[in-house]
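J.: Just so we're aligned, residue 196 is where the sequence shown starts under the working numbering, counting upward by one.
One structure coming up, written as structure tokens, with questions to follow.
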Amino acid sequence: MKQISATNEQWHQLFDIVARLKKLAPWDWMYDSDIFGVEDPATGTIGYCYVLGAAGEEFGIVVHPGSAGLMSYLQIMEADEQPSQELMDNLNCLQLTFDDRDYVTEQDREVYKKLDLKFRGKKSWPIIRSYVPGYSPWIPNQEEVQFLINILNEAIRVCERAREHPESIRPRESGDMLELMVRKSLKSDALFSWESEWIIPDEPEQDVEIPETDVTRLRDLGKDVSFRKNIWEFDAWFFPQATLDNKDERPYFPLILLWADQTSGAILSQEIARIDEIAKVSHEMFYQLLASSKIVPAEIWVSRFDLLDILTPICEAAKIQLEAYDQLIAIGTIRAFMQNSMS
Numbered sequence: 196m197k198q199i200s201a202t203n204e205q206w207h208q209l210f211d212i213v214a215r216l217k218k219l220a221p222w223d224w225m226y227d228s229d230i231f232g233v234e235d236p237a238t239g240t241i242g243y244c245y246v247l248g249a250a251g252e253e254f255g256i257v258v259h260p261g262s263a264g265l266m267s268y269l270q271i272m273e274a275d276e277q278p279s280q281e282l283m284d285n286l287n288c289l290q291l292t293f294d295d296r297d298y299v300t301e302q303d304r305e306v307y308k309k310l311d312l313k314f315r316g317k318k319s320w321p322i323i324r325s326y327v328p329g330y331s332p333w334i335p336n337q338e339e340v341q342f343l344i345n346i347l348n349e350a351i352r353v354c355e356r357a358r359e360h361p362e363s364i365r366p367r368e369s370g371d372m373l374e375l376m377v378r379k380s381l382k383s384d385a386l387f388s389w390e391s392e393w394i395i396p397d398e399p400e401q402d403v404e405i406p407e408t409d410v411t412r413l414r415d416l417g418k419d420v421s422f423r424k425n426i427w428e429f430d431a432w433f434f435p436q437a438t439l440d441n442k443d444e445r446p447y448f449p450l451i452l453l454w455a456d457q458t459s460g461a462i463l464s465q466e467i468a469r470i471d472e473i474a475k476v477s478h479e480m481f482y483q484l485l486a487s488s489k490i491v492p493a494e495i496w497v498s499r500f501d502l503l504d505i506l507t508p509i510c511e512a513a514k515i516q517l518e519a520y521d522q523l524i525a526i527g528t529i530r531a532f533m534q535n536s537m538s
């Protein structure tokens, strides 16, 4: 993910908004459950926002871009217990917090210095971070800074209104669905006006490009394999240490992809990939596993819904039953062993 830095003018605009937000202090009357949307006039993407600080610990605002970003928030909020590492790894948002100086990085200082900004006191240092699945938390790039400018300008107005009319933004339940207030922009003669609309957010679109199933390759492999009652398990998770391939790119977390036999507990195949390679590598591992094992399993179990989407077409073509479970028997044991070995 190549990083194109925001211009000084964009940073100035954003930090002007940051100062207005801090002065307003909407955390005095808003909660992190008061989620609302603002449509970006430039892209049409909805930024789903909520305010941090009602608990008196962390102050700021979070913006989740689009339905995928919103889903990452809802999954964490709906977790029965402490959110799993997988849920936290899939966090997709832009976050502004006011923190102590100890949390400021060299990148933050460079931005402050360029803009001749100075801060003093507890919880006074603005820290802006981009969270994207598979990548290290990072200073937002040019596109993300502009998105924040467009969203936060109107979000502040929403917060001001919520002080007097809290019911005007609070989510509503519509059957099993959540209905959210979204501010949408209307353009007339180069001027923008805004109106409120209550919507049920769309389901996130599949953001992984799934390769077309190689039917010819499957047919050729089918000549040399036998169908067994075996159950294979497949899972993917992020390596805890980020890596950097190019200084102009954002550090990323390598993805561990692993196949195992449920009965024997044996590792069948293991690869390292980037998050944007997950579908391609998953399919290739499957083809190679059929070729090397000479076996077609009766079932494949996964615990991630993205893997379910990725493997569905290839399993349908190979007539393999594909199931999703919260816990994987063999891979659960393998992961626990690997984590203990690294600790």
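Positions of the beta carbon are idealized from the N, C-alpha and C atoms, including for glycine.
Given the structure is predicted, the values throughout are model-derived calculations rather than measurements.
Got a sec, what are the start and stop residues for the alpha helix (DSSP H) Y482 sits in?
T.: Here residue 482 refers to the residue found at position 287 of the sequence shown. Segment 473-488, the alpha helix (DSSP H) holding Y482.
J.: Closer than 7 Å by C-beta to Q208: which residues in its own chain qualify, once you throw out the five before and the five after it? Chain order, please.
T.: By 1-based counting over the sequence shown, the position of residue 208 is 13. For Q208, where only same-chain residues beyond five positions count, the Cβ hits under 7 Å are I344.
J.: Out of E479, Y326, D211, state which residue places its alpha-carbon closest to the alpha-carbon of I351.
T.: Residue mapping note: residue 351 aligns to position 156 of the sequence shown, counting from 1. Checked all of E479, Y326, D211; the closest Cα to I351 is D211.
J.: Please give the ranges of any beta strand (DSSP E) in the region 266-318, keeping only runs that are unbroken, at least 3 residues long and fully inside the region.
T.: 288-294, all fully within the region 266-318.
J.: Looking at the structure shown, is T408 part of a helix, part of a strand, or coil, going by DSSP?
T.: Locating residue 408 in the sequence shown gives position 213, where the first residue counts as 1. Here T408 sits in coil by DSSP.
J.: Can you tell me whether DSSP reads D501 as helix, strand or coil?
T.: As a first step, residue 501 must be located in the sequence shown, where it is residue number 306. Correct three-state label for D501: helix.
J.: Per DSSP, A455 forms a beta bridge with which residues?
T.: Counted from its first residue, the sequence shown places residue 455 at position 260. Partner(s): E428, I462.
J.: Find the nearest neighbour of V340 within the set N203, Y268, M283, judged by alpha-carbon distance.
T.: Counted from its first residue, the sequence shown places residue 340 at position 145. It is N203.
J.: Do the CB positions of Y482 and S498 come within less than 7 Å of each other?
T.: Here residue 482 is taken as the residue at index 287 of the sequence shown, counted from 1. Here residue 498 is taken as the residue at index 303 of the sequence shown, counted from 1. No; because the gap between Cβ atoms is not below 7 Å, this pair is not in contact.
J.: Inspect the CB distances between the region 362-370 and the region 234-241 and report whether three or more fall short of 8 Å.
T.: Not touching, per the Cβ criterion.
J.: If you run the structure through DSSP and keep just helix, strand and coil, what is R378?
T.: Translated into the one-based positions of the sequence shown, residue 378 becomes position 183. It is a strand residue.
J.: Would DSSP call G329 helix, strand or coil?
T.: By one-based count along the sequence shown, residue 329 stands at place 134. G329 falls in the coil class under three-state DSSP.
J.: Does DSSP classify F422 as helix, strand or coil?
T.: In the sequence shown, counting from the first residue as 1, residue 422 sits at position 227. Looking at F422 - three-state DSSP - the assignment turns out to be strand.
J.: Compare the Cα-Cα distances from K467 to each of A461, S459, V476 and report the closest residue.
T.: On the sequence shown, position 272 is the one that residue 467 refers to. In the sequence on display, residue 467 carries Ile and not Lys. That would be V476, whose Cα lies nearest to the Cα of I467.
J.: Between which two residues does the beta strand (DSSP E) holding F231 run?
T.: Along the sequence shown, one-based indexing puts residue 231 at 36. F231 -> beta strand (DSSP E) spans 231-234.
J.: Examine the Cβ distances between the region 449-458 and the region 412-423 and report whether three or more of them are shorter than 8 Å.
T.: The region 449-458, when compared against the region 412-423, does not touch it at the 8 Å Cβ threshold.
J.: For W393, which three-state DSSP category applies?
T.: Start at 1 with the first residue of the sequence shown, and residue 393 comes out as number 198. Reduced to three states, the DSSP call for W393 is strand.
J.: Rounded to whole angstroms, what's the CA-CA distance from D297 to C288? Just pull it up for me.
T.: What you label residue 297 is simply residue 102 of the sequence shown in a count that begins at 1. What you label residue 288 is simply residue 93 of the sequence shown in a count that begins at 1. Their Cα atoms are separated by approximately 23 Å.
J.: Kindly confirm or deny that the region 347-363 and the region 220-235 touch, where touching means at least three C-beta pairs closer than 8 Å.
T.: The region 347-363 vs the region 220-235: in contact.
J.: Let me know if V410 comes out buried or exposed under the rule of 16 or more other beta-carbons within 10 Å of its beta-carbon.
T.: Locating residue 410 in the sequence shown gives position 215, counting from the first residue. Exposed is the call here.
J.: Count the other CB atoms, across all protein chains shown, that sit within 10 Å of the CB of N441; report buried if there are 16 or more and exposed otherwise.
T.: The sequence position of residue 441 within the sequence shown is 246, counting from 1. N441 should be labelled exposed.
J.: Since I believe Y447 is in contact with I470 (beta carbons under 8 Å), could you give me their beta-carbon distance rounded to a whole number of angstroms?
T.: Here the question's residue 470 lines up with position 275 in the sequence shown. Here the question's residue 447 lines up with position 252 in the sequence shown. About 7 Å; that satisfies the 8 Å criterion.
J.: Would you tell me roughly how many angstroms separate the C-alpha atoms of D303 and I322, rounded to the nearest one?
T.: As a working mapping, residue 303 is identified with position 108 in the sequence shown. As a working mapping, residue 322 is identified with position 127 in the sequence shown. Straight-line Cα distance between these residues: approximately 7 Å.
J.: Look at the Cβ atom of I509, then the Cβ atom of H478, and state whether they are nearer than 7 Å.
T.: Mapped onto the sequence shown, residue 509 falls at position 314. Mapped onto the sequence shown, residue 478 falls at position 283. Yes; because the gap between Cβ atoms is below 7 Å, this pair is in contact.
J.: Is the shortest distance between the beta-carbon of D211 and the beta-carbons of chain C less than 7 Å?
T.: In the structure shown, chain C cannot be found, because there is only a single protein chain.
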